[in-house]
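Numbering (the numbering used here), first residue to last: 89 to 633.
By construction, the Cβ of each residue, glycine as well, lies at the ideal position given by its N, Cα and C atoms.
Source: prediction; values computed, not measured.
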């Protein structure tokens with residue numbers, strides 16, 4: 089897989105141009121049309137690439153990301169594209185007219201935006217299948233590890249780059265000759281499904297997503313790429329469509345941990361140069377943008393690293409292969425000099441209730457945030473049968489006004505079933521009957537869990553836990569999976585979100601007799617992303633070796 093560092097080296101040495109690199113990504117993007125919500129036209133992309141090549145020739149690069157292609161999730165604003173958040177209620181041909189701050193920061197850095205990627209509607213889902221009703225099942229985003237991805241294993245990075253840059257049609261012709269009728273496709277995970285797929289297929293060298301309870305880390309795990317959920321409030325949410333405001337975090341997906349660190353540092357540097365505050369943006373420590381790249385430096389740092397393995401995360405649904413892989417990762421860290429301790433200071437009872445608390449809080453906040461989409465203030469308006477509506481109003485038993493019926497029709501047609509389910513759940517927990525017993529109880533449990541994790545991270549540098557405990561399900565079986573059962577998969581990712589802690593998922597280990605990678609997750613104290621990068625990069629390098 090082509091990394092940002094490899095691309096930088098090839099561009100610096102003149103082996104390729106940014107125009108060729110973008111054409112390479114355009115070629116790959118064309119083979120995964122189901123991962124894109126909207127794509128920027130090729131003429132515009134190549135013009136931006138040529139401008140980057142001109143700056144490179146003049147030795148006036150804007151940043152290390154100048155000329156590097158990237159993608160963004162469809163809930164982040166791009167001025168020239170509609171802002172849909174994967175929902176029919178926001179489907180329109182109107183351009184939003186402004187950039188999200190993180191998108192603007194990357195464009196100011198010279199990075200080339202390929203387009204917006206598919207997602208579960210408003211970020212609500214774990215399989216990437218909660219799409220507008222107008223989207224057919226054939227448009228479902230597929231996990232790149234199945235299907236034609238198997239062809240990429242036949243070539244080294246250098247051979248594939250050379251082949252595509254000099255003859256982009258070659259690989260497309262070869263792939264089109266393959267019969268996919270007997271190929272089994274799997275879910276890429278959600279809700280940042282398209283972002284993970286574009287990175288895994290090298291249609292973009294990195295991608296921006298959003299992580300509310302694991303929406304970056306889960307698809308990163310299932311698509312075998314690295315995924316970062318930063319500390320809550322470290323990256324601006326200006327221009328991000330809100331789902332659950334106290335949990336929503338802009339995240340990054342990239343081929344490797346070192347790629348993540350490059351993007352992370354550039355976003356922070358741009359945020360320093362062009363501060364545009366939102367209500368949750370917090371000042372960050374300047375040592376967050378330090379870089380540690382040499383293997384010897386990482387080795388020395390690991391000798392002083394203390395890692396905790398919390399037994400509370402050992403749940404009955406976790407299979408033995410996942411437990412063995414977890415133990416193997418802990419042993420690898422010890423071999424690299426880290427101190428690894430098994431701890432029981434995080435309460436299993438609190439952790440088991442954390443998932444329920446998360447969905448109570450997330451649904452309550454979603455009810456509030458999505459209330460604005462009524463077809464009048466925001467969102468497209470559904471056609472209302474005014475004749476029947478007036479007739480109903482004239483009847484004594486009618487309870488609803490014409491305006492209320494318009495709201496109901498707009499939201500029923502505009503929202504998918506999962507969004508409606510969560511809005512109703514949020515409305516219930518915020519009602520006078522359930523507010524104290526449900527919402528307040530969930531908020532208190534969140535505070536208890538966050539404090540327990542904070543206490544552990546005062547004694548240890550990192551927590552080590554699996555990102556997920558199962559393989560992705562087949563696409564054709566996804567609809568038969570109970571939505572509540574799928575929520576259980578978030579138990580590994582939700583705790584870091586509830587506490588606002590940074591967390592990073594990396595591919596580590598493999599399932600037996602299956603093409604999918606396993607994954608491990610590291611969690612650090614707030615604003616301590618640099619420790620995540622140091623240890624995760626060392627662990628990833630060890631896994632590759």
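- About 22 Å separates the beta carbons of residue 307 and residue 324, which is beyond the 8 Å limit, so they are not a contact pair.
- Counting only residues of its own chain and dropping the five nearest sequence neighbours on each side, residue 541 has a CB closer than 6 Å to the CB of 587.
- Take residue 288, set aside five residues on each side of it, and the residues of its chain with a beta-carbon closer than 6 Å to its own are 232, 311, 313, in chain order.
- Bounds of the alpha helix (DSSP H) holding residue 501 are 490-502.
- Distance from the Cα of residue 201 is smallest, within the candidate group 536, 109, 292, for 292.
- Going by DSSP, residue 431 is part of the beta strand (DSSP E) stretching over 427-431.
- Annotation for residue 587: the continuous alpha helix (DSSP H) segment containing it runs 582-587.
- Annotation for residue 466: 460 place their beta carbon closer than 7 Å to its own, counting only its chain and skipping 5 residues before and after.
- Contact check for residue 561 against residue 303 fails: the beta carbons are separated by 8 Å or more.
- Short of 7 Å from the beta carbon of residue 167, and not among the five residues preceding or following it, lie these beta carbons of its own chain, in chain order: 183, 184, 185, 186, 187.
- The Cβ-Cβ distance between residue 426 and residue 544 does not fall below 8 Å.
- By alpha-carbon distance to residue 548, the top candidate from 614, 196, 582, 578 is 614.
- Per DSSP, reduced to three states, the secondary structure at residue 169 is coil, with no helix or strand assignment.
- Assigned with DSSP and collapsed to three states, residue 368 falls in coil, not helix or strand.
- Judged by their CB atoms, residue 99 and residue 144 are nearer to each other than the 8 Å cut-off.
- Distances from the alpha-carbon of residue 341 to those of 296, 322, 123, 150 put 296 closest.
- The C-alpha of residue 606 lies about 43 Å from the C-alpha of residue 496.
- Boundaries for residue 609: no alpha helix (DSSP H) harbours it, while the beta strand (DSSP E) harbouring it runs 605-612, taken from the DSSP string.
- DSSP places residue 621 in the helix class (H, G or I) of the three-state scheme.
- When DSSP states are grouped into helix, strand and coil, residue 415 belongs to the helix group.
- At a Cβ-Cβ threshold of 8 Å, residue 610 and residue 624 count as neighbours.
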